[in-house]
Structure formats: C-alpha cells, structure tokens
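Participant: For reference, the structure I am asking about is given below.
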Amino acid sequence: MSIQEIIIRTLVVLIAAPILGCFMAGVDRKISAHLQSRVGPPILQPWYDFRKLMCKEDIVVNKFQNVYIVFYLTFILLSLFMLIFEMDLLMIIFVYTIANVALILAAMSTGSPYSRIGASREIVAMLAYEPVLVFFVIGMYMLTGSFTISSLNNASGPLLTKLPLIFLAMLFIMIIKFKKSPFDLSASHHAHQELIKGMFTDFSGPSMAIIEFSHWYEYVFLTGLMFLFWKENIIIGTLLSLFTFFFVIAIDNISARLSWNWLIKFTWTVVIGLSVINILFVYFYNLKLL
Amino acid sequence: MSSIMSRSPWLVHVNANSCNGCDIELLACLTPIYDAERLGVLNIGTPKQADIMLVTGSINYKNMDVVLNIYNQIPNPKVVVAVGACACSGGIFHNCYNVIGGADKIVPVDVFVPGCCPKPETIIEGIAKGAAVLDKKRLEMKQKGIKEVSK
C-alpha cells in the first residue's frame, strides 16, 4: 500500500465515516417517519442532537462510566480502521467484540436497574450473534485460505455466490446489531415503561454524545462487513450495503419488539442452522475461490 | 450558533396526579397528526438525557419529592413547562386540602401552557417557547460557568 493510499484510507475513517454515519442515522429517522406517515425530523437531526448533547452538563453516577465509553469509541474506531486497511477479519471481529463488552461494562457500572436489564439483554444478544460472525469468518477462510480481507482481492469470484445462506444469516444479525425491532431489547427508546432507555439510561450530555458518535461509526462498520460479500465490484458491494441498511429499517418498522428467549431460540436454530448448512456445503463440495 | 439547544429539545414527561387529560393531549403531539419530531422533539424516557421537563397535574404531598428528584436529575441547561390548568395554578383543585397547587411551588417553571386540557397545538407552542428559553439558559451558563447555574 503506497503512502498516498494510506493517507486516503485514514481520511476516509476519520472524516468520511462519521459524516456518512450521521447521514445514515438521519435517513433512518426520516424513512421511519415517512413509513409512519409523519413528516419526520430534518436529515441533519442526528448532528443537531450531537451538538446539543455536547453543550449539556455531564452528570456521572460512577466515575468510571465515561472511561468505558471512551473504550467503546476507541475500539469501534479501531475495528473500522482494520476493516478499511483490509486486515485480518478474525481479529476485526475480536476487536469489535471488545467494543461491545466495553459498552456492557459501562451500563453495568452505573448500577441503575434499567441499565442492568439492558446490559444483561445485550449479553444475551451477543450470545446470539457472535457465532454467526465467526461462521462468516470461517466461511471466508475455507474459500480463500486466508483470514485477511486483502486476500479477497485475488479471489476468483464474490463471496456471496458461495456463502448465500451466511449472507442471509448476517442480514438477521444486522438487525440485532443495529438495535432495531424485533431485536431492540437491550436499548430501545420505544420501551419507556419496560427499560426506559436500556443500556444508555444513565448517560447524559457529552458521554451520550460520544455514544451517538460511536453509533455512526458502527453503522458504517456493519454495512462495511456486508460490503465484503461482493468486494470485487465496488458498485455491487455498495448496493449490498445499502440493501442491508434499508432491509433493517423496513423490518424495524413492520415488527414489534420480541423477548430475549425468542431471540435465542430464533438465532440458535434458524440463523446458526443456515450458517452451518452453508459451511458444510462448502466443506463437502470443497469449494474454493482462489 | 444561537439555536444549538432549540434544534433538538428532548422531553421528559412527569405526571404529578394529573387526570390523564393533559397526558393524552401531550402524547398526541408525538403522533402522525401533529408530529412534534419534525422540530427535533423526542420523548426520551430518562431525565438524564432530557432538556425540557413537562409537568402535568396539580402536584400533591405524595409526589412532590418525585417531581423535585426528576428535576434535579436533568443536566443543565434545563427548562420546565407546566402543561394544563392544574400544573399552572392548581386548576379546579387549587384549594383542596391535599394539593400543593401548581408546579411553580416546587420547581422553577419557565413556560406555562394553560387550558383544561390544552390543545396539542398549544403544547407544541409551549415546547417551542421552552426550547427558546433553553438557548438563553445556555448562554447564561457559558458566561457564569456551570457551577453557578447549578446552585
């Protein structure tokens, strides 16, 4: 990788990614509003919210709670860096997991029963989605013989043709990761009576702004993972990312929130089943993308 | 840059022994017909992320501590909007033995929205007025420093 390319990719992560993420969050709210026949907030509303939260007073319950939030931002940023620089996908998944663990620790440290409920539900959600992310990495390894994303550049075809069922499984995982209905059980802002704001109940002002900011990065990172399914062609890859994003919004608006035991039952049978079938298929037919 | 706060006022709604009339009108503001979200208004559940506290009801001795507690949990700058006749002055309950009568006896109220019950349009106007007060309070906070305002 030349120095020029390194600079461009760094700029993409540091500048383009949050702008894109903010825009995606705004489009999400606008589309949801239109689907509910409302006018909805302006597209830049997430930016207005961020700006406002930065000006508010920061009330902390536990002096460590904001440290964990900074960890969350750092590791999300790091995982996006590694994704853009085409590093080891297995390592990216691990770094990304640490980011979520930091968020769970932050919620647990505040001690409010609502953030505790949210945090425990997020642990259950991790139990549900983590295996599928690993199956995705395994599938890529079996096809290309390498964990690094740059090996996809030399592959003879896109991952989607050999891993269609894992793509389907990842679509469901994205609903959990975007924290949308029917799996928004850990931090829904529609569940006032049940969990107020779940994991984020006790964060105020600038720390909440950092959480929102990390969410923008997370949006870009997650759609970036879906981009890998057709990395050969930038246009088709982007279309896959966009499809994922709009699929998640559509499902969010047509479904109600489900309980955590439904989440576990669904992922550990249907979603993981789909991934295992795909892996077995690749294994027995000895498929390769070299 | 003067509209930093008023572009996204987040609400926390406190029902202090209201008859539910104002509460229903308040929640009607968020429905597709009135859609307060087009002004950036979100009904956020937690006081720690709220900017505007909407109080309905005449407040009695049982829930005055709750109202004060929620008010104290809102980070500065913050605004209180009293919605309905009861929250403004006690309304028809103003001289009842168990009623304190008016949110302004417990917390500093910035905007009064009269009516029994007020129309959703009036409530949205009250929220917009409250959002303008938020901007003023932020400037004040910047000049005096956050500690002074908290006192």
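Keeping their order, the protein sequence lines are chains A and B. Going letter by letter, the first sequence gives residues 1 to 290 in this note's numbering. Going letter by letter, the second sequence gives residues 1 to 151 in this note's numbering. No residue lacks a Cβ here, since even glycine has one placed at the ideal position from N, Cα and C.
Identify the continuous alpha helix (DSSP H) that holds Ile-254(A) and give its terminal residues.
Facilitator: That run of the alpha helix (DSSP H) goes 234 to 254.
Participant: Do Leu-258(A) and Val-124(A) come within 8 Å of each other at the CB atom, strictly closer than that value?
Facilitator: Against a cut-off of 8 Å, the Cβ pair of Leu-258(A) and Val-124(A) comes out as no contact.
Participant: For Leu-78(A), collect the residues of the same chain with a Cβ closer than 6 Å to its Cβ; drop the 5 residues on either side in sequence, then sort them by chain order.
Facilitator: Counting only Cβ-Cβ distances below 6 Å, and skipping sequence neighbours, we find Val-95.
Participant: If we call anything under 8 Å between Cβ atoms a contact, is Ala-103(B) one with Asn-63(B)?
Facilitator: Cβ distance not < 8 Å, so Ala-103(B) and Asn-63(B) don't count as in contact.
Participant: On a CA-only basis, which of Glu-212(A), Phe-284(A), Ile-176(A) and His-192(A) is nearest Phe-247(A)? Give me that one, please.
Facilitator: Cα-wise, what sits closest to Phe-247(A) is Ile-176(A).
Participant: Under 8 Å between the Cβ atoms of Met-53(B) and Lys-52(A)?
Facilitator: Contact flag unset, no.
Participant: Give the list of continuous beta strand (DSSP E) stretches no shorter than 3 residues that lie fully inside the region 33 to 99 of chain B.
Facilitator: Segments of the beta strand (DSSP E) lying fully in the region 33 to 99 of chain B: 52 to 56 and 79 to 83.
Participant: Beta-carbon separation of Tyr-219(A) and Gly-21(A) under 8 Å?
Facilitator: Cβ distance < 8 Å, so Tyr-219(A) and Gly-21(A) count as in contact.
Participant: Relative to the C-alpha of Ile-173(A), which candidate in Phe-135(A), Phe-147(A) and Pro-158(A) has its C-alpha closest?
Facilitator: Of the listed residues, the one whose Cα sits closest to Ile-173(A) is Phe-135(A).
Participant: Could you tell me the alpha carbon to alpha carbon distance between Ala-107(A) and Lys-180(A), rounded to whole angstroms?
Facilitator: If you take the alpha carbons of Ala-107(A) and Lys-180(A), they lie about 19 Å apart.
Participant: Rounded to whole angstroms, what is the Cα-Cα separation between Val-276(A) and Gly-198(A)?
Facilitator: Rounded to whole angstroms, Val-276(A) to Gly-198(A) spans 32 Å at the Cα level.
Participant: Closest Cβ-Cβ distance between Asp-35(B) and chain D: below 8 Å?
Facilitator: Here chain D cannot be found, since the structure's protein chains are A and B.
Participant: Does any CB atom of chain B fall closer than 8 Å to the CB of Arg-116(A)?
Facilitator: Not one chain B Cβ lies under 8 Å of Arg-116(A).
Participant: Output the boundary residues of the beta strand (DSSP E) element that contains Trp-10(B).
Facilitator: Note, Trp-10(B): beta strand (DSSP E), 10 to 15.
Participant: Taking a cut of 7 Å between CB atoms, which residues from the region 158 to 184 of chain A lie near chain B?
Facilitator: The region 158 to 184 of chain A vs chain B, Cβ under 7 Å: nothing.
Participant: Could you tell me the distance, in whole angstroms, from the CA atom of Leu-89(A) to the CA atom of Trp-230(A)?
Facilitator: Their Cα atoms are separated by approximately 15 Å.
Participant: Please check the pair Thr-144(A) and Glu-86(A), which I expect to be a contact at CB under 8 Å, by giving their CB distance rounded to whole angstroms.
Facilitator: Not really, about 12 Å apart at Cβ, beyond 8 Å.
Participant: How big is the Cα-Cα spacing for Asn-69(B) and Ile-272(A)?
Facilitator: If you take the alpha carbons of Asn-69(B) and Ile-272(A), they lie about 46 Å apart.
Participant: Could you check the C-alpha separation between Lys-56(A) and Phe-112(B) for me, to the nearest Å?
Facilitator: Cα to Cα, the separation comes out at about 24 Å.
Participant: Under a three-way DSSP split, which group does Phe-94(A) fall into?
Facilitator: Phe-94(A) falls in the helix class under three-state DSSP.
Participant: Can you tell me whether Ile-74(B) is buried or exposed, with buried defined as 16 or more other CB within 10 angstroms of its CB?
Facilitator: Result: buried.
Participant: Going along the chain, which residues of the region 43 to 56 of chain B sit with their C-beta nearer than 8 Å to a C-beta in chain A?
Facilitator: Residues passing the 8 Å Cβ filter: Asn-43, Ile-44, Gly-45, Thr-46, Lys-48, Gln-49 and Asp-51.
Participant: Identify every residue that forms a DSSP beta bridge with Phe-135(A).
Facilitator: Paired residue(s): none; Phe-135(A) is not in a bridge.
Participant: Which residues of chain B have a Cβ atom closer than 7 Å to the Cβ of Gln-36(A), listed in chain order?
Facilitator: Under the 7 Å cutoff, chain B gives Pro-32.
Participant: Please report how far the alpha carbon of Ile-19(A) lies from the alpha carbon of Thr-97(A), in whole angstroms.
Facilitator: Using only the alpha carbons, I get a separation of about 24 Å.
Participant: With DSSP as the reference, label Val-320(A) as helix, strand or coil.
Facilitator: Since the first and last residues shown for chain A are 1 and 290, residue 320(A) lies out of range.
Participant: Per the DSSP calculation, Thr-161(A) is bridged to which residue(s)?
Facilitator: According to DSSP, which records beta bridges pairwise, Thr-161(A) is partnered with nothing at all.
Participant: Using beta carbons (cut-off 8 Å, strictly below), is Lys-151(B) in contact with chain A?
Facilitator: Confidence is the limiting factor: at Lys-151(B) the pLDDT is only 49, short of 50, which leaves the residue's position unreliable, though a coordinate-based value still follows. With 8 Å as the cut-off, Lys-151(B) does not count as an interface residue toward chain A.
Participant: Looking at the structure shown, is Lys-151(B) part of a helix, part of a strand, or coil, going by DSSP?
Facilitator: Per-residue confidence for Lys-151(B) stands at a pLDDT of 49, beneath the threshold of 50, marking its modelled position as unreliable; the derived number appears in the next sentence. Lys-151(B): coil per DSSP, three-state reduction.
Participant: Using the Cβ count rule (16 or more neighbours within 10 Å means buried), how would you classify Gly-57(B)?
Facilitator: So Gly-57(B) counts as buried.
Participant: Answer with yes or no whether the minimum CB distance from Ala-85(B) to chain A is below 8 Å.
Facilitator: Not closer than 8 Å to any Cβ of chain A, the Cβ of Ala-85(B) fails to qualify, so no.
Participant: Tell me which same chain residues have a C-beta within less than 7 Å of the C-beta of Gly-40(B), skipping the five on either side of it?
Facilitator: Once the five neighbours on either side are set aside, the close Cβ partners of Gly-40(B) are Arg-7, Ser-8 and Pro-9.
Participant: Between which residues of its own chain and Cys-29(B) is the CB-CB distance below 7 Å, once the five residues before and five after are set aside?
Facilitator: For Cys-29(B), where only same-chain residues beyond five positions count, the Cβ hits under 7 Å are Ala-36, Pro-120, Ile-123 and Ile-124.
Participant: Which residues does DSSP pair with Val-111(B) in a beta bridge?
Facilitator: The partner list for Val-111(B) (beta bridge, DSSP) reads Val-81(B).
Participant: In the structure shown, what three-state DSSP assignment does Thr-148(A) receive?
Facilitator: Three-state DSSP puts Thr-148(A) in a strand.
Participant: Candidates Pro-41(A), Ile-6(A) and Val-282(A): which alpha carbon is nearest Leu-163(A)'s?
Facilitator: Closest by alpha carbon: Val-282(A).
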